[in-house]
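Novice:
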Amino acid sequence: LSPEAEGSYVAALAAPPKGWTAGMVELTYDLGGPKPLKLTTQVWVAPDTLPFDAPIGKTSAELRAMEK
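Under the numbering used here, read the sequence shown as residues 262 to 329, first letter to last.
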């Protein structure tokens, strides 16, 4: 996590030479209560590709039916 402009941070996620990697950021704030406040970002996966071509014209229900 790298500071950028005031109050702004950037989390860089580089794709590995082979396979995939994933990352997220979790922020924890002590607000003086019994438990801290925890906030998270979405999860990012790199590279943003699939290991196969996406099926064209098939719905998720049709794909699930094909698995049975």
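Heads up, the beta-carbon is just placed ideally off N, CA and C, and yes, glycines get one too.
#1: Among LYS279, GLY284, PRO278, LYS319, whose alpha-carbon lies nearest the alpha-carbon of ALA272?
#2: Three-state secondary structure (DSSP) at SER263?
#3: Examine the Cβ distances between the segment 283–303 and the segment 315–328 and report whether three or more of them are shorter than 8 Å.
#4: Does the beta-carbon distance from TRP305 to LEU274 come in below 7 Å?
#5: At 4 residues or longer, what runs of the alpha helix (DSSP H) sit wholly inside the segment 278–325?
Specialist: Once the coordinates are examined:
#1: It is GLY284 whose Cα lies nearest to the Cα of ALA272.
#2: DSSP, read as helix, strand or coil, puts SER263 in strand.
#3: With a cut-off of 8 Å, the segment 315–328 and the segment 283–303 do not count as touching, because too few Cβ pairs lie within range.
#4: It is a contact, given that the beta carbons lie within the stated cut-off.
#5: Complete alpha helix (DSSP H) runs here, min 4: none at all.
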